[in-house]
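Everything on this sheet refers to the single structure shown next.
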Amino acid sequence: MKGIPRKQHIMNRLSVLRRRRDAVLSDFLKALEKRKVAKIRKTLLYK
Amino acid sequence: MDVSEKKHRGSIERVKVEKGIPKTERPHPEQDSPEVFLHDLEREIGTLRKETVTELDRMKTDSGLSPKEISEAAQEIGLSESLRDIDREAGALESDDFIDGLIHEAASLREELKKTETQMTEMASKNIDEDSKNNELSYLKLKKDCIDLEMFRNKTKWLYTDAPEAVPRERKRRADLPEAARSVLKETDRIAKRIEERGYDYRSFARLDSSEDATERDLLKEVTETFEKLSDEQSYGMNMLMDLDNEEILDLAEDSRHTVSRAILIDSCIGFGREDSVPIRRLIEAVHDGGMEVPVFESRIVDRIISDKKDLLKSFPIDDMFDELLSDERLVKDGPYGLGPAMESISQEIERLLESGSLSRLSDITGKLRSLDERTMEASGKHIPHEQVMRLFPEISLYEVSIADTLDILEGKMSQDFYDRHIGNNFNRKTSLSKLVPERFVKIWETEEFLRDQYAEGNHTTSRQLEAFLSGHGLSFSDLDNRRKKWVFRSLATHEVEKAPFTIDDIRMILIDNVVDTVALTRIPSRFRSGLKKEICDIAEARGYVSLLQPDLDVVAPLLDEEGMRKALLSGASLDLSKIPVESRADMKEAFVTNIALRWGTFDRGMHEEFFASFDKADFEVLLESGVFIDPSDVSETMRNDLRPFFERLGVSRLQKGYLDTSLIGNLEYQEGILDRLSVDSAEGEDLNSISTMRNTKMRNIRDSFRILDSRKTLPEAIGEFATRFEERYGKKGKHLIALAITAYGAGDPERFLERMLPIEHALDRYYEEDIPDGAHVSTGIEYEVTQSIGNEYAESSALGYVSDIGLASMSGNIGKGVGGPGAIYEIATKPTYNPYMLLAERKLLQDAGFLDFNFERYPKASRGYHLNIGGESGLELNRDALFLSNVLTLAQLNGVMAGKDVSSVKGIYEKRLDKVFEGNYQGGVRVEMKGGGCDTVEQFERAILTSHRAGVVMQLCDRYIPDFPVDALSEVPDDPEAFERMLDMTGNLATPFSDTRERDMVHAWMLLKRDVVSAVEQHNSSFFESEFDGSFVNPKGEYVETTDQIDVLRNQKLVSEDERVSESFGKGLHIDPDGLFHQPTPGFENALIRTNNIFLKGPKTGSNNSVNAESVLQTMKRAGSRDILDGRPQDSIFDRTDGKLRDGYYSIQGASEEMITHKSQILLNRFNSEMERLLRMPVSEKIALEI
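Here the protein sequences line up with chains D and R, keeping their order. First residue of the first sequence? That's 1 in this note's numbering, and the numbers climb one at a time after it. First residue of the second sequence? That's 10001 in this note's numbering, and the numbers climb one at a time after it.
See below:
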């Protein structure tokens, strides 16, 4: 089995991190959206 | 978080697997140095952090929520913990052991180097006794060398060191290894001590072998025997040393107080190539501090350094190698014998130069070799020896030659000495030389010698020389017939010497050839001129000839009035005006202006303005009258106004077909130049009718598309920037896509352009290279034959016509050209790409540029078929899977709606050798080409491409995991993926365990598709009539299925009479062989489908026009389980839809139930596609969880 060079290995790890970060941020966005929608619903309800 | 992800994909994708250094391309140390990499890495990590913060802030602001709500949301998903983890890990990347070591090592090396240099200066200035000063200095120098060498290594090695996680390193290390090594070293020390007790040095006692003294020889014998007893263990010890790690070796060095054991340690490090991992410097210092005498090691380590350097030299470019050899005395100091590796490269270079006949370069190299020889002589008192000389020149080995002789002969000279020694008085030059040296040397030698003689005799002109040469061989120029004369001129122009048509004495002709060749490069042959007059030069020859004349432009002017020259210039021979001295430009102007031969194309663009400055209106008028194209922007504004009437007469009407066709052969820059001149800027206000405007726009768009390739400055800034970003993200393919987009949309309105690129960008980002399982990447490309009907239609709006336009657009857009079948005027062959959306985008842009139309609205008569090429990372063979894919696409109407008349022949699917993908390395094995591809609308095309891409991925996975899955077990495949894995396990059909559940699920989805399609076909054969005419049936699983709610049984029963339904021939005509799904398509297979579909379709009674049917089928798309008709048109592509997605329904044939084969297969294929899409685009966090 042939290994991958360091440089690429490190860049791959960086890209995995980036994707993880994006996943976390998108989860966060969803959580925010959820609250936003809930808030709007609530506002509409009280109108 | 697509935004930030997109931004970075480019940089990640561009990291390619490095596979060692190619011999001649040593990476530039500065570019590839750890420092640069570290800097990049630091920046990347910085961006990651900064982006995260910005993005978070933006989200918070955009949400419009209160801080409390935001913090609740953050807490809910554990935001800060996750981000902190990521941040920590990013930080860890920077402080990765390896990088840490690298920074540390590089810094300390630099420090050391500085220190040592200071020490050396200090030492040199100190007033102490000469001997110890020298000793100390030599040690310091050595130390400096070591540091130098290590720095060089450190600069390059990291590139080639495998990542530890990726290579499971086999560690043979045992717990007791250091101890065992230590005891062996101790034992060695003990023996060495005994030798020393007898008054001998450990290193010198071996020399006793030749001692005259018998006692000494006895001693040697005794000691040798003692050593032999230990030898097994000793070599065992050495082997152990190889397996120890650096620290352990250094520990042992600290531990061993004795010279001999340290010597063994050094040996083990140097001898086994440990110097890469054990820093020599540290070892030497350990030894030095321990009281070891430096000089003992000096020579050995210097040897090592030198031999390393010598090996490294092989990979240097030849000039660098000479620089190194000439600047580092140590490389030649110990005698020239060690030049082996360098001489190997030199001899290869010389070989190459002799082949290519590059005399000036050859004499450059031989000159350097001479200096090297002098240097060797200076340093070691020896010449480069005979053996090495022979490497340069193996044929000369019969003679006793020196390097000087060899170099002489290589340069075409022969020393008097050599002549006297080997050739003597009976010198018949030709025969002797032929014997002495191979033919190619004779050629060069003879030519050079001959020319020298000729110059000595005052024959400076080529014609004289040529005549003299011919007459020397008993010929005269007039003896040559036209064909041969022509050949002489061709060789002048093209250097094509191999195909000489001469039948007379071969050698003579080769000699002529060489003379001509050499002469052509040095002086203008007046013969060429007469050749032009007599028209024995054709255009290509003349063109090549003119390019040869570049350096001698001052002699071109008199030739400008020759017809041949005019033709050469017309056909695109280019002269660089800047080479002409300013004072002679006036004369040139005369020649140019009065000469209708002159075309602007023959000048370097930048020169026009300057050149025209001296022209007056009359000059221009002459030029314009004579048909020269002038770019208005090259002329001053006043002059432009004066000349307006002329410019207005120019324009596309001036286009000459022949002019452009030849331009297609030339280089890109040149074409751009031509397009520039041909396209008249409409902003100048020409009164052009709409067709001309259209043609002009088309031309300008094509021209502008070339600007992507080099200077983007001439494009609107927004587009230039966009292109750069696009290229960063999608590579070369991205760049060419922009070029294609400019061809389609033009660069005139940047805003509109970017708007149009938006859906394309959006689609391209639907593919992530990392989404594809390792080893299963797929490349796709299509071939499409363009028929005359498209050409005719297209020509209406184009000045150059279809073939020229697509030829040019293909160059900037990097679209390939296929061979094309009979009746095709062109074959578009897209270069394969990993990103299937890239292929879809290429189709879109080609369509928008008017080169094809897969909706067949603009070109209704165009061919509806295309060939689909699928290549895989581990190869896609033409196996059952590939055949199934092709057939299931047909079943699902994705190769065109099956309706109308029976077909008599169908196109198959073939295995082909792989075409190299434009960029990237995910390619191996063979590819398959499906010749049966076809569509009625863009949507079918897009579905077919995406399906094939996904299937290609799975097919490779199947090849890996279940290559031997038995055909008859297909029906046993369970619905549940875990049960499927258990089944494979139990039956032993799993060749290798699934690396993750994602890949397992993909394989499972494919198996389910196969299982269910086969079952659907079986059901079609057994229950078609029940299902479609009775309203219910029992499926192969024994379940009762009711279809009455989907169909109008009474209506359907009217479609086919009872009698027909029971007739054997009718049933037979509808029968589809399930096994046929895994074989090459047959007409029977397709006809059964056609007939089945025909039952429900009310086609026109006459004619073969099946488009009416196709249209109505395609216009009606339903989703499985629903009777509603989906929104959207099949003519719309994913780029037209707001969600950028394919519709997920089936094309409905009115009246048939979902169980009908045409529907069922589409529903099954949709299921497979959506499952594959889900698995491929699995939410990032889930997939990473699988990876880690």
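Using N, Cα and C, we set each Cβ at its ideal position, and we do this for glycine too.
Counting every other CB atom within 10 Å of its CB across the protein chains shown gives L11050 of chain R a total below 16, marking it as exposed. Scanning R:R11137, R:P11081, R:T11158 and R:N11087 for the CA closest to the CA of K11118 of chain R turns up R:T11158.
Within chain R, the C-beta atoms nearer than 8 Å to that of K39 of chain D come from L10065 and E10069, in chain order. Per DSSP, the beta-bridge partners of S11032 of chain R are R:E11042. In its chain, beyond the 5 residues on either side, M11172 have a beta carbon closer than 6 Å to the beta carbon of R10950 of chain R. With 16 or more other CB atoms across the displayed protein chains lying within 10 angstroms of its CB, L11008 of chain R is buried. Under the Cβ criterion (8 Å, minimum of three pairs), the segment 10924 to 10937 of chain R does not count as touching the segment 11154 to 11168 of chain R. Of all residues in the segment 10047 to 10061 of chain R, only L10048, E10051, T10052, E10055, L10056, M10059 and K10060 come within less than 9 Å of chain D when Cβ atoms are compared, listed by chain position.
For A10718 of chain R, no CB of chain D lies under 8 Å from its own CB, so it is not counted at the interface with that chain. For the pair G10367 of chain R and N10869 of chain R, the Cα-to-Cα distance works out to about 54 Å.
With fewer than 16 neighbouring CB atoms inside 10 Å of its own CB, L44 of chain D falls in the exposed class.
Apart from the 5 residues on each side of it in sequence, V10803 of chain R sits with its Cβ closer than 8 Å to the Cβ of G10791, I10825 and Y10826 in its chain, given in chain order. What L14 of chain D touches in chain R, judged by beta-carbon distance under 8 Å, is I10012, L10041, E10044, I10045, L10048, A10090 and L10093, going in chain order.
Look at the beta carbons and you see the segment 10830 to 10847 of chain R touching the segment 10778 to 10793 of chain R: at least three pairs across the two are nearer than 8 Å.
Listed by position along chain D, the residues whose Cβ is nearer than 7 Å to that of E10076 of chain R are A31. For S10995 of chain R, no CB of chain D lies under 8 Å from its own CB, so it is not counted at the interface with that chain.
Annotated three-state conformation of G10896 of chain R is strand, per DSSP.
With contact defined as three or more Cβ pairs closer than 8 Å, the segment 10850 to 10857 of chain R and the segment 10889 to 10909 of chain R are not in contact.
Taking C-alpha positions only, E11060 of chain R is separated from F11066 of chain R by approximately 6 Å.
The residue from R:S10080, R:E10877 and R:A10741 with its alpha-carbon nearest to that of V10926 of chain R is R:E10877.
Around the beta carbon of T11044 of chain R, fewer than 16 other beta carbons lie within 10 angstroms, which makes this residue exposed.
Counting the other CB atoms within 10 Å of its CB gives Q11046 of chain R a total of 16 or more, which places it among the buried residues.
Contact between the segment 10883 to 10891 of chain R and the segment 11067 to 11078 of chain R is established, with three or more Cβ pairs separated by less than 8 Å.
For I11134 of chain R, none of the residues of chain D pass the 7 Å Cβ criterion, the least Cβ distance being about 22 Å. When rounded, the separation of the alpha-carbon atoms in R10752 of chain R and A11120 of chain R is 39 Å. Listed along chain D, the residues sitting closer than 8 Å to I10086 of chain R by beta-carbon distance are L17, R20, R21 and V24. At a Cβ-Cβ threshold of 8 Å, L10372 of chain R and L10325 of chain R count as neighbours. Sixteen is the threshold: since fewer than 16 other Cβ atoms of the shown chains lie within 10 Å of the Cβ of K10732 of chain R, the residue is exposed.
Per DSSP, A10969 of chain R is not a residue of any alpha helix (DSSP H), being assigned neither H nor E.
Under the DSSP assignment, Y10837 of chain R falls in the alpha helix (DSSP H) whose first and last residues are P10836 to D10848. Rounded to the nearest whole angstrom, the CA to CA distance from N10701 of chain R to M10757 of chain R is 16 Å. One alpha carbon belongs to F10994 of chain R, the other to A10090 of chain R, and they sit about 30 Å apart. Neighbours of A10073 of chain R across chain D, judged by C-beta separation under 8 Å: F28, A31, L32, K34 and R35. Distances from the alpha-carbon of V10928 of chain R to those of R:R10361, R:Y10910 and R:P10759 put R:Y10910 closest. About 6 Å separates the beta carbons of V11003 of chain R and C10958 of chain R, which is inside the 8 Å limit, making them a contact pair. Look at S10082 of chain R: its C-beta is under 8 Å from a C-beta on chain D.
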